[in-house]
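Chain order of the listed sequences is A and B. Per this note's numbering, the very first residue in the first sequence carries number 1; after that it's consecutive. Per this note's numbering, the very first residue in the second sequence carries number 323; after that it's consecutive. Where is the CB? At the ideal position from N, CA and C, for every residue including glycine. A quick note: this is a predicted structure, and the numbers were derived from the prediction, not measured.
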Amino acid sequence: MSILVAGAGGFVGRRLVEKLHAEGRPVIAGVRKPRESFARLGIEQRIFDAEKPETLGTALRGVTHVVNCIMGSPAAMVASTRNLAEASVKAGVQRFAHFSSIAVFGNAEGEIGDDFPVGQNVDAYGQAKIDCEHLVRKAQQEGLRTVILRPALIYGPGSEQWTARIARLLRWSRLGDLGAAGDGICNLIHVDDVVAAAIAALDRPEAANRAFNLAMAEAPSWNRYLMDFGQALGFTPIFRVPGRNLRIETKLVAIPLKIAEIVTGKLGFGQQLVPDLISPSLGRLFNLDARYHSARADIVLGAPAVGYADGLRQSANWVSRQ
Amino acid sequence: MMLEASQLQSATVLSTQLCIVGAGPAGISLALQFIGSGIDVILIAGGKAGHDEAAQALYAGEVADDALHSPLTEYRHRQLGGSSATWGGRCMPFDPIDFERRDFIAGSGWPIGHDDVAPYYPEANVLAEAGDFQYDAKKAVEGGMRPIAEGFNPVSFDNDRIERFSCPTDFGSRYRHRLAHAANIRVLLDAHAVEIRAGGEKVEAIVLRTLDGKEITVAAERHVIATGGIETARLLLASRSEAHPAGIGNAGDQVGRNYLCHIAGTYGELAFAPGTPVFHGYDRAWDGVYCRRRMALRPEIQREHGVGNVVMRLHHPRLPDPAHGRGILSAIYLAKPFISYEYSKRLHGGDAMTPGHVLRHGFNILREPFGVAGFLLNWVKVRTLAARKFPSLIVAPRNNRFTLDIHAEQVPNLDSRVTLGAGLDIFGKPQARVDWRYKPKDIETVRVALELLRRDAAATGRASLDFDPEGVAEAMLRDGAYGGHHIGTARMGPNPDTGVVDRECRVFGTDNLYVSGSAIFPTSSQANPTLTIVAFSLRLAAHLKREFLPKRSEIRTSAIKGAAA
Ligand SMILES: Cc1cc2nc3c(=O)[nH]c(=O)nc-3n(C[C@H](O)[C@H](O)[C@H](O)COP(=O)(O)OP(=O)(O)OC[C@H]3O[C@@H](n4cnc5c(N)ncnc54)[C@H](O)[C@@H]3O)c2cc1C
Chain A
1 MSILVAGAGG FVGRRLVEKL HAEGRPVIAG VRKPRESFAR LGIEQRIFDA
51 EKPETLGTAL RGVTHVVNCI MGSPAAMVAS TRNLAEASVK AGVQRFAHFS
101 SIAVFGNAEG EIGDDFPVGQ NVDAYGQAKI DCEHLVRKAQ QEGLRTVILR
151 PALIYGPGSE QWTARIARLL RWSRLGDLGA AGDGICNLIH VDDVVAAAIA
201 ALDRPEAANR AFNLAMAEAP SWNRYLMDFG QALGFTPIFR VPGRNLRIET
251 KLVAIPLKIA EIVTGKLGFG QQLVPDLISP SLGRLFNLDA RYHSARADIV
301 LGAPAVGYAD GLRQSANWVS RQ
Chain B
323 MMLEASQLQS ATVLSTQLCI VGAGPAGISL ALQFIGSGID VILIAGGKAG
373 HDEAAQALYA GEVADDALHS PLTEYRHRQL GGSSATWGGR CMPFDPIDFE
423 RRDFIAGSGW PIGHDDVAPY YPEANVLAEA GDFQYDAKKA VEGGMRPIAE
473 GFNPVSFDND RIERFSCPTD FGSRYRHRLA HAANIRVLLD AHAVEIRAGG
523 EKVEAIVLRT LDGKEITVAA ERHVIATGGI ETARLLLASR SEAHPAGIGN
573 AGDQVGRNYL CHIAGTYGEL AFAPGTPVFH GYDRAWDGVY CRRRMALRPE
623 IQREHGVGNV VMRLHHPRLP DPAHGRGILS AIYLAKPFIS YEYSKRLHGG
673 DAMTPGHVLR HGFNILREPF GVAGFLLNWV KVRTLAARKF PSLIVAPRNN
723 RFTLDIHAEQ VPNLDSRVTL GAGLDIFGKP QARVDWRYKP KDIETVRVAL
773 ELLRRDAAAT GRASLDFDPE GVAEAMLRDG AYGGHHIGTA RMGPNPDTGV
823 VDRECRVFGT DNLYVSGSAI FPTSSQANPT LTIVAFSLRL AAHLKREFLP
873 KRSEIRTSAI KGAAA
């Protein structure tokens, strides 16, 4: 067995590589640029850019299992998935685990199980994830044994989006108790649970050729998460964000911030220079009444093991160390 | 889903499983529990989403004594959210003693105990946005709340029982989006219940009228009246028919009786030694909720002295008397025209402003202009612009001389009543008439508490209380019945002779009619009512959900039918 984690430089990819390595599994980190931390651990690294099929030539040599953790722009994700899946078919890979996302369900509300139809009012990111799933299924028809994982919002140590960014917004009282604007369900899944599910997806025969939602049971409301996390971080008393603040954030402030983000990005400055923006779609997410159920994963891959309180504590510790 | 009654045809009949009349904290909390339950609900708001003069005018009625009770269009709001559109947000649960039969209080004793409602308080606290259900000063804030004053522990009182404050949350604007969003809930705006129609024990429908003259009927399997303490009595009484000649639930002549508010006022002078640090303001819990200490007369002391439940808070001096010497108090006194009747009534008292008064108040302001300006700026920040608002005016008096803000139980009183008056509303329905009465016991409760505090305070050596026992009644009745708390008109009882609803809040003499709200409280407690109203709505929701479950026998029949098909 030899496992290639493509996109090993990313948040989930890195945790997955480290975990596999710690378990003594033969793991190869697929990266665009070599990483010092992997080298230190003596982990083999293969350098490629999955967007460019010609660089994939030797990447899959000897590889039996592939995990696709590649993130990027919609076009980049689609191209990488296509190339990686085709190369895996050619290379006779035994198992191909692919990271999709609950974004494929768009803004659908209600109880969303593993077989819920995808594609309702999806954004560009969600559409790319759907297109990627199609490519994976195509490869499946060509004989590749695939697993599609659709994690909810991945939080925990290392999570920039749902832990670090939220912590910054809480610190500046830009988020807090949102009242009527925060009644949506905050469908979290701890990064360690995601990593465990990915490993099970490689190991368990019954996982083959199926798609799995990955989400915690009894997810809290957004208000609950924001307040609990704020408390864990010690940003108390929690600020009650007036409805008008959030409206100004998503309607007015988000636009210049987005522009500033693009400009500083183009000029090559770190994005840290620009404050986080609360986009209109993030604002909508705070009120999305959708609960994702991971019944299939709970049975086939194992139910999430990290409790909410533990997850918050770990997240807060990680943020304070930063 | 939100429905405007104006979009419906006249004579429309809507059928549903559960009809909730009234969309204040009671009705909204109840309706929220059914989101996604599969049970079809209609919630009748009795007004618009926001204040509307014409709807508000439907609350007009008669008051027997203007000096004792405010007009019926005040301290009530006929709209989505009900009176929570304006409430102060003060929350605390009832005490176990409130539910007990106390030999020294006629009419006391609930058919249920504190334990029956206790499980619902934490969730009620969340809905009211008053944070954790934690009412112990030692635990509500990390490290414990600040003491009133070091060493000041009047022994007859529990000084660790606190009150917590809601934002204050307007249940209408806060939860409207959730109701609008729910597929199984229809919120009917701008429709007013005028009659509960029941040929016998079964309530068939609620008859609604709209301001533009339509009649709409809602026929449900179960109906809940949640129209507030006064309007609930009015609706039950006005629903007279052959089957219910005295109105619904009124076979024992109990509907509208025992109309209770609270006995409240500011009185006495509690003087701490000059220079003693005294804290009578708010601490904030981790979740941002404002918490404040009170002195609560201990239950064993209530029993020993045979008096009702009562709490006291340290308070700034009465505003109208410029002798308090504080610029900010004078500024607020002079701002009277800009403060709503409901809040200015108690703040400013009934006294007329004379030019001499105005001058002396002006002088107070000039004595500390920067203090006043700073206070007002901060007020804009923590109150006007804040979504979680600083709950009340906290001003330290000069010389450490506080008054006491007293809030006491009013004991049950069969002669204190809501009845139907002679006037008619625009639908031709009789208006309510309120004849609020109090008993000597109500005043005695306050007098005894003050006397105990005088003794206990002296024993601490930290403060002394000065008050005139002869003046207690006048001080407590100066502003009449405490506004906005309308309790007891459809009280819970063991049987129809002493109550209107049973222990599950079902109206006696009916199969499928329930009441939610402070109307069902047989006794008034020291506590403001809303948190307990919400807790009872949650309890009723749990009961109704059980009732709606198909009976075992029905499941079996349908299974057999299914098998045959
Ligand atoms: C100024 C003020 C301050 C207060 N401060 C506090 C406080 O600090 N703490 C506290 O606990 N309580 C406080 N209260 C009391 C609190 O507002 C009430 O206890 C609470 O609103 C009662 O809720 P409810 O749902 O039972 O009734 P309501 O809020 O009165 O709601 C009644 C609902 O029924 C509807 N309705 C009425 N008649 C009809 C009809 N015929 N047909 C259809 N619909 C109808 C109304 O439109 C409304 O939606 C305060 C009240 C006032 C006025």
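Open item on the list: Quick check: is any heavy atom of ligand 1 less than 7 Å from the C-beta of B/I855?
Closed with: yes
- [ ] Starting from the beta carbon of A/F239, find every residue of chain B whose beta carbon is closer than 7 Å, and list them in chain order.
- [x] G610
Open item on the list: What does the alpha-carbon distance come out to for the pair B/S561 and B/A618?
Closed with: 41 Å
Open item on the list: Cβ closer than 7 Å: which chain A residues qualify as neighbours of B/C489?
Closed with: R240
TODO: Output the distance between the C-alpha atoms of A/N107 and A/S100, rounded to the nearest integer angstrom.
DONE: 16 Å
Open item on the list: Based on DSSP bridge pairs, tell me the residues matched to B/D454.
Closed with: Note: B/D454 sits in no beta bridge, so no partner.
TODO: May I ask you to verify whether the segment 805-818 of chain B touches the segment 518-526 of chain B, counting CB pairs closer than 8 Å and requiring at least 3?
DONE: no
Open item on the list: Do B/R398 and B/G550 count as a contact pair if the criterion is CB distance below 8 Å?
Closed with: yes
Task: Min CB distance B/A353 to chain A below 8 Å - done: no
- [ ] Please indicate yes or no: does the CB of B/Y397 lie closer than 7 Å to some heavy atom of ligand 1?
- [x] yes
Open item on the list: Quick check: the Cα distance between A/V63 and A/L4, rounded to an integer number of angstroms?
Closed with: 6 Å
TODO: Name, in chain order, the residues that DSSP records as bridge partners for B/E324.
DONE: The identity of residue 324 of chain B in the sequence shown is Met, whereas the question assumes Glu. DSSP, once it has assigned bridges, lists B/V509 as partnering B/M324.
Open item on the list: Just to confirm the assignment: which complete alpha helix (DSSP H) runs, minimum length 4, are found wholly within the segment 544-590 of chain B?
Closed with: 551-560
TODO: Kindly say whether B/A607, judged by its beta-carbon, lies nearer than 8 Å to any beta-carbon of chain A.
DONE: yes
TODO: Answer with yes or no whether the minimum CB distance from A/T236 to chain B is below 8 Å.
DONE: yes
TODO: Taking only beta-carbon positions, decide if A/Q231 is within less than 8 Å of chain B.
DONE: yes
Task: Amino acids of chain A, ordered along the chain, whose beta-carbon sits closer than 9 Å to that of B/A462 - done: Simply none; closest approach about 12 Å.
TODO: Tell whether a beta-carbon distance below 8 Å holds between B/N631 and B/D420.
DONE: yes
Open item on the list: Rounded to whole angstroms, what is the Cα-Cα separation between B/E948 and B/D458?
Closed with: Past the edges of chain B, shown from 323 to 887, lies residue 948 of chain B, and the structure says nothing about it.
TODO: Within its chain, find whatever has a CB closer than 6 Å to the CB of B/M324; leave out the 5 residues flanking it on each side and keep chain order.
DONE: A502, V509
TODO: List the residues that DSSP assigns as beta-bridge partners of B/Y655.
DONE: Per DSSP, none; premise fails for B/Y655.
TODO: Would you kindly work out how many angstroms separate the C-alpha atoms of B/E451 and A/A87, rounded to a whole number?
DONE: 55 Å
TODO: Please look up how many angstroms separate the CB atoms of A/D289 and A/E109, rounded, as I've assumed it's under 8 Å.
DONE: 5 Å
Open item on the list: At a threshold of 7 Å, does B/L557 count as lining ligand 1 (C-beta to nearest heavy atom)?
Closed with: yes
TODO: Please list, in chain order, all residues of the same chain as A/D49 whose beta carbon is under 6 Å from its beta carbon, the five residues on each side excluded.
DONE: R32, T55
- [ ] Please report how far the alpha carbon of B/I809 lies from the alpha carbon of A/D276, in whole angstroms.
- [x] 50 Å
- [ ] Would you mind giving the Cβ-Cβ distance between B/I350 and B/I366, rounded to the nearest angstrom? I have them listed as a contact below 8 Å.
- [x] About 12 Å separates the two Cβ atoms, so there is no contact after all.
Open item on the list: Considering only heavy atoms of ligand 1, does any lie closer than 7 Å to the CB of B/C613?
Closed with: no
Task: Nearest candidate by alpha-carbon position, reference A/W162, set A/V147, A/A208, A/L226 - done: A/L226
Open item on the list: In the DSSP output, which residue or residues are listed as bridge partners for B/R486?
Closed with: B/C413, B/C613
- [ ] Select from B/R606, B/W608, B/K711, B/T408 the residue whose C-alpha is nearest the C-alpha of B/P347.
- [x] B/T408
Task: Under 8 Å by beta carbon: chain B residues contacting A/D310 - done: Within chain B, no residue comes near A/D310; the closest Cβ sits about 19 Å away, beyond 8 Å.
- [ ] Enumerate in chain order the residues of its own chain whose CB-to-CB distance from A/R296 is below 6 Å, with the five nearest sequence positions on each side excluded.
- [x] D114, F212
Open item on the list: I need the boundaries of the beta strand (DSSP E) containing B/S786, first residue and last residue.
Closed with: 785-788
Task: Contact set between the segment 154-185 of chain A and chain B, restricted to residues whose Cβ is under 8 Å from the partner - done: G176, D177, G179, A180, D183
- [ ] Measure the alpha-carbon distance for B/Y663 versus B/N700 and round it to whole angstroms.
- [x] 24 Å
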